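Here the structure comes first, spelled out in structure tokens, and everything after it is commentary.
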Amino acid sequence: MNYRLPTDVSPTHYDLTLLTDLTLHKFRGTVEVALKVVTDTSKIVLNVAELHLSDASVTVAGEEEAFVPVSQAIDSIDQRATFVYPCTFTAGSSLKLFIAFEGKLNESLIGYYEGTWEDGGQKKFYTVTQFEPTAARRAFPCWDEPSCKATFEMSMVSASDTVNLFNTPHQSFEYLESSFKSPISGKTRPIRVYANPSSIHQAKYTLGVTAKVLPVYEQVFDIEYPLPKLDTLVIEDMDAYAMENWGLITGRASHYLLDPNASNIQQKQAIVNIQFHEVAHMWFGNITTMEWWTYLYLNEGFATLMGELIIPGSGYLSTICVRIFISSFPRGFPEWNLDAAFIALHINDAMLLDNKLSSHPVEVDCPDANKINQIFDALSYSKAASVLRMLANHVGVDAFLKGVSVYLKSNLYGNSVTHDLWKGIEEATGFDSSNFMDAYISKPGFPVIKVTESEGIIHIVQARFLQKGTIDDTNTIWNIPLNLLTVDSDGKSSINKVVLKERSSFYAVNTEQLFKLNAGTFGYYRVMYTPERFRRIAIEAAKANSVLNTGDRLGLVQDAFALAGAQLMSLSDALELLTIFKDVRDYYVWSSISTALSNLINIWWEHAEVIDLLNEFRRILFKPIVSEIGYTYSADEDPDTSLLRTCAVINASQAKDEEVVNELRQRFKQYQATRDNSLIPEELQGPIYTSAVEFGGEEEYLAIKRIVDDPKTPTEKLAAIGAMCSVADRQSITSTIHYMTTEARDQDVPHFVLELMKNPKIKREFVAHFKENYDVLYEKFKDGFSISGLVQVFLSPLSCCQYLTSS
Ligand SMILES: [Zn+2]
Numbered sequence: 001m002n003y004r005l006p007t008d009v010s011p012t013h014y015d016l017t018l019l020t021d022l023t024l025h026k027f028r029g030t031v032e033v034a035l036k037v038v039t040d041t042s043k044i045v046l047n048v049a050e051l052h053l054s055d056a057s058v059t060v061a062g063e064e065e066a067f068v069p070v071s072q073a074i075d076s077i078d079q080r081a082t083f084v085y086p087c088t089f090t091a092g093s094s095l096k097l098f099i100a101f102e103g104k105l106n107e108s109l110i111g112y113y114e115g116t117w118e119d120g121g122q123k124k125f126y127t128v129t130q131f132e133p134t135a136a137r138r139a140f141p142c143w144d145e146p147s148c149k150a151t152f153e154m155s156m157v158s159a160s161d162t163v164n165l166f167n168t169p170h171q172s173f174e175y176l177e178s179s180f181k182s183p184i185s186g187k188t189r190p191i192r193v194y195a196n197p198s199s200i201h202q203a204k205y206t207l208g209v210t211a212k213v214l215p216v217y218e219q220v221f222d223i224e225y226p227l228p229k230l231d232t233l234v235i236e237d238m239d240a241y242a243m244e245n246w247g248l249i250t251g252r253a254s255h256y257l258l259d260p261n262a263s264n265i266q267q268k269q270a271i272v273n274i275q276f277h278e279v280a281h282m283w284f285g286n287i288t289t290m291e292w293w294t295y296l297y298l299n300e301g302f303a304t305l306m307g308e309l310i311i312p313g314s315g316y317l318s319t320i321c322v323r324i325f326i327s328s329f330p331r332g333f334p335e336w337n338l339d340a341a342f343i344a345l346h347i348n349d350a351m352l353l354d355n356k357l358s359s360h361p362v363e364v365d366c367p368d369a370n371k372i373n374q375i376f377d378a379l380s381y382s383k384a385a386s387v388l389r390m391l392a393n394h395v396g397v398d399a400f401l402k403g404v405s406v407y408l409k410s411n412l413y414g415n416s417v418t419h420d421l422w423k424g425i426e427e428a429t430g431f432d433s434s435n436f437m438d439a440y441i442s443k444p445g446f447p448v449i450k451v452t453e454s455e456g457i458i459h460i461v462q463a464r465f466l467q468k469g470t471i472d473d474t475n476t477i478w479n480i481p482l483n484l485l486t487v488d489s490d491g492k493s494s495i496n497k498v499v500l501k502e503r504s505s506f507y508a509v510n511t512e513q514l515f516k517l518n519a520g521t522f523g524y525y526r527v528m529y530t531p532e533r534f535r536r537i538a539i540e541a542a543k544a545n546s547v548l549n550t551g552d553r554l555g556l557v558q559d560a561f562a563l564a565g566a567q568l569m570s571l572s573d574a575l576e577l578l579t580i581f582k583d584v585r586d587y588y589v590w591s592s593i594s595t596a597l598s599n600l601i602n603i604w605w606e607h608a609e610v611i612d613l614l615n616e617f618r619r620i621l622f623k624p625i626v627s628e629i630g631y632t633y634s635a636d637e638d639p640d641t642s643l644l645r646t647c648a649v650i651n652a653s654q655a656k657d658e659e660v661v662n663e664l665r666q667r668f669k670q671y672q673a674t675r676d677n678s679l680i681p682e683e684l685q686g687p688i689y690t691s692a693v694e695f696g697g698e699e700e701y702l703a704i705k706r707i708v709d710d711p712k713t714p715t716e717k718l719a720a721i722g723a724m725c726s727v728a729d730r731q732s733i734t735s736t737i738h739y740m741t742t743e744a745r746d747q748d749v750p751h752f753v754l755e756l757m758k759n760p761k762i763k764r765e766f767v768a769h770f771k772e773n774y775d776v777l778y779e780k781f782k783d784g785f786s787i788s789g790l791v792q793v794f795l796s797p798l799s800c801c802q803y804l805t806s807s
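According to UniProt numbering, the sequence shown is numbered sequentially starting from 1.
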């Protein structure tokens with residue numbers, strides 16, 4: 001079976017007319033597609049799904065006669081329509097294909113679908129598209145593959161009191177507007193954010209960051225943003241978090257809105273991360289598109305690396321903004337320590353998937369269009385971004401970006417494959433990145449290096465790291481940039497960028513002094529030292545004036561728990577590291593500690609005596625931080641302190657520290673009594689609402705439920721859902737599950753499930769509920785991105801062999 005469409009004809013332009021009827025929940029339209037005939041054919045095959053088609057006539061350029069098909073077939077599994085005509089269209093000729101179609105607007109969250117919003121207590125409908133990867137065919141018949149690039153003209157017909165938004169300018173509506181001046185052409189273009197009237201005031205931050213980042217990308221890539229405007233539409237009903245439609249980004253309210261009265265760093269970072277990522281896609285994905293889904297990482301890995309790290313974190317924003325005189329934006333976000341954020345989130349996420357025998361290469365063979373959703377995973381996003389970050393560090397970020405610009409310019413408005421990227425980087429740097437990167441891109445998994453030492457010499461051996469311990473994968477040798485940090489007798493440190501290219505090698509190192517591999521944690525691999533050496537490095541890393549940085553400390557925590565999980569290190573050595581780090585105050589180190597301990601709790605959840613001990617350990621670690629930095633946030637404090645406070649309060653309250661729980665409950669009580677919420681900072685809504693419900697009664701539960709129904713911000717809604725799911729008594733558990741299945745929006749169901757599965761009181765029962773209702777859930781979410789996450793969440797607590805048979 002060939003999963004790709006035949007290439008006998010190729011579309012060059014679409015004229016699309018779409019009529020939307022929000023009252024009857026239907027749409028219909030016509031599409032006229034200009035086609036170039038590549039090889040002689042009498043057949044036209046294109047994608048379509050869940051649409052009713054009529055007509056399908058073809059005219060040949062310069063001729064009058066319209067040909068109607070002698071036969072037509074719809075394949076609903078492969079989502080294709082095949083039309084056979086009574087004549088042969090000859091190579092080189094131009095055709096016009098005309099098709100009329102109609103479809104239903106449903107709530108599937110993919111294709112052309114409808115969502116709801118409230119206006120003065122009245123339920124109203126809106127429609128929106130979600131096309132990636134294979135759902136454009138649900139809105140109109142088309143060649144729905146990444147290499148079938150074509151131009152579009154669109155007419156939208158709808159009721160006079162509605163607003164239509166498209167990739168290029170159209171009517172106006174209620175929105176916030178700014179503009180940006182192109183540093184390349186000097187042209188000024190509008191930037192807008194659309195949201196429903198009740199929340200539009202919360203969209204200001206998104207507008208600001210969009211206006212600021214756009215000219216920076218232009219400058220870095222040296223390619224002008226080509227469209228006349230860039231809009232962002234903020235909506236409630238979406239399966240993905242955001243979608244980078246060219247000129248019209250769509251995104252979920254929970255990821256795009258910010259209460260203008262709150263200084264919530266976490267939400268600001270989330271908005272910058274997602275919007276910088278989506279705007280990066282205007283170049284990576286829209287201007288230059290991967291040839292097929294096999295190269296999805298060329299879109300997602302780059303958007304992640306550029307949007308979440310290099311542009312916001314490395315000073316590019318600041319230097320370039322200063323250069324082009326954006327006076328309102330004097331700095332980037334260097335104080336956010338995005339490098340540590342990247343290590344904490346992406347490297348670990350990627351390795352958690354990549355440490356399994358079932359992992360797949362970043363460049364993944366992906367023949368079947370129906371399975372494409374499955375590769376929108378941590379390997380296409382986080383692993384690709386992590387290995388590209390490793391390359392950027394190795395050749396230098398500036399040189400790397402020059403190479404990226406060369407790559408984009410050589411593939412402008414075209415399609416690209418991996419080789420094109422290496423060519424661009426090699427042209428700019430002279431470095432053979434193709435050879436250096438090959439195993440990271442074309443092979444599954446990643447290495448662990450084992451370091452043993454004798455006086456003055458270290459011996460390093462690489463092997464594939466697996467969740468259950470290493471294997472000697474003789475087929476794969478990775479090029480490992482060792483980034484060997486050494487310290488001389490004066491205490492001065494230096495980094496040797498030597499690359500391990502063989503299975504094993506020896507290096508001369510003064511073993512009397514501190515040394516550390518993978519300095520700064522730029523490499524995509526784990527390091528295993530002897531227990532003595534590991535302890536020595538940890539003690540050095542914990543010192544206030546250490547030559548080791550946050551990235552090093554973070555890497556040590558993540559490596560230790562991964563090695564302990566694989567039984568390559570004792571768990572008590574890993575736990576001892578946390579006591580060595582107890583006075584460290586880097587937020588990202590603590591966020592990794594929090595993740596490591598949560599993972600342990602997730603494994604041991606059925607053994608109360610182990611959980612009690614782990615909670616006691618959590619209290620010993622986190623309570624002193626709460627005592628030290630308190631509960632009050634201030635707009636001018638260091639962002640790391642704000643984030644650390646949130647992390648420490650959450651951990652201390654989850655570990656049931658009496659004093660912390662009482663403080664949080666007291667704050668909720670006061671809010672209930674006075675309606676004054678000044679003691680509930682947005683950052684602590686989660687732990688405050690959860691403590692109120694977990695240790696409270698029906699009154700608190702009902703109060704939280706009211707917040708879920710009418711939240712002030714999307715962030716508050718998520719916090720309240722978490723609290724609703726943390727209930728202990730039977731009646732409330734039933735009530736929460738009932739609410740989830742009957743009243744919650746589809747897009748919120750995965751969040752309910754995730755939170756309910758954290759509740760040890762109902763985990764087991766809920767797994768049974770999942771088994772019983774799997775067909776219903778599958779039907780609802782099968783075409784979107786949520787289903788694989790749901791399966792993972794439900795299976796994660798099944799940690800004993802007995803479940804293999806009983807569950
Ligand atoms: Zn993306």
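Heads up, the beta-carbon is just placed ideally off N, CA and C, and yes, glycines get one too. For clarity, every value in this text was computed on a predicted model and none was experimentally measured.
Distance from the C-beta of residue 655 to the nearest heavy atom of ligand 1 is not below 7 Å. Residue 302 and residue 493 have their C-alpha atoms some 32 Å from each other. Put simply, the backbone Cα of residue 726 is about 45 Å away from that of residue 19. When DSSP states are grouped into helix, strand and coil, residue 635 belongs to the coil group. By the Cβ-count criterion, residue 51 is buried, with 16 or more other Cβ atoms from all chains shown falling within 10 Å of its own Cβ. Secondary structure remark: continuous beta strand (DSSP E) runs of at least 3 residues inside the stretch 233-293, in chain order: 248-252.
Note: residue 83 is bridge-paired with 44, 72 in the DSSP secondary-structure output.
In the displayed model, residue 569 falls within coil according to three-state DSSP, outside both helix and strand. In the three-state reduction of the DSSP assignment, residue 219 falls in the helix class. Contact annotation: residue 89 and residue 72 have beta-carbon atoms that are not nearer than 8 Å. Distances between the C-beta of residue 303 and the heavy atoms of ligand 1 include at least one below 7 Å.
Here residue 148 is near residue 11, since their CB atoms are less than 8 Å apart. Annotation: the continuous beta strand (DSSP E) that includes residue 11 extends over 9-21. Inclusion of residue 281 in the 7 Å shell around ligand 1 follows from its C-beta lying nearer than that to a non-hydrogen atom of the ligand.
Linking residue 55 to residue 203 through their CA atoms gives a straight-line distance of about 44 Å. Here residue 361 really is in contact with residue 443; their C-beta atoms are around 6 Å apart, less than 8 Å.
Put simply, of 758, 740, 457, 533 the residue whose alpha carbon is nearest the alpha carbon of residue 606 is 758. Taking a cut-off of 8 Å for Cβ pairs, the stretch 428-442 and the stretch 377-391 touch, as three or more such pairs fall below it. Counting the other Cβ atoms within 10 Å of the Cβ of residue 635 gives fewer than 16, which makes it exposed. Just so you know, the alpha carbons of residue 140 and residue 122 end up roughly 31 Å apart. For the pair residue 656 and residue 615, the Cα-to-Cα distance works out to about 8 Å. Per the Cβ contact rule, the stretch 363-379 is in contact with the stretch 128-136 (3 or more Cβ pairs under 8 Å).
Ranking 505, 451, 295 by CA distance to the CA of residue 517 puts 451 first. Here residue 514 is actually not in contact with residue 477; their C-beta atoms are around 29 Å apart, not less than 8 Å. Excluding the 5 residues flanking it on each side, residue 405 has same chain C-beta neighbours closer than 8 Å at 220, 221, 222, 223, 424, 428, in chain order.
Judged by their CB atoms, residue 380 and residue 296 are nearer to each other than the 8 Å cut-off. Remark: C-beta atoms of residue 729 and residue 110 do not approach each other more closely than 8 Å. Taking non-hydrogen atoms of ligand 1 into account, the C-beta of residue 308 is found less than 7 Å away from none of them. In the DSSP assignment, residue 350 falls within the alpha helix (DSSP H) that extends over 348-354. Residue 280 places its beta carbon less than 8 Å from that of residue 217. For the options 648, 579, 531, 604, the alpha carbon positioned closest to that of residue 588 is the one of 648. Assigned with DSSP and collapsed to three states, residue 481 falls in strand. For residue 226, no beta strand (DSSP E) encloses it, and the DSSP letter there is neither H nor E. Going by C-alpha positions, residue 274 is about 21 Å away from residue 293. Taking a C-beta distance under 8 Å as the contact criterion, residue 578 and residue 621 qualify as a contact pair. For residue 335, the shortest C-beta to heavy atom distance toward ligand 1 is 7 Å or greater.
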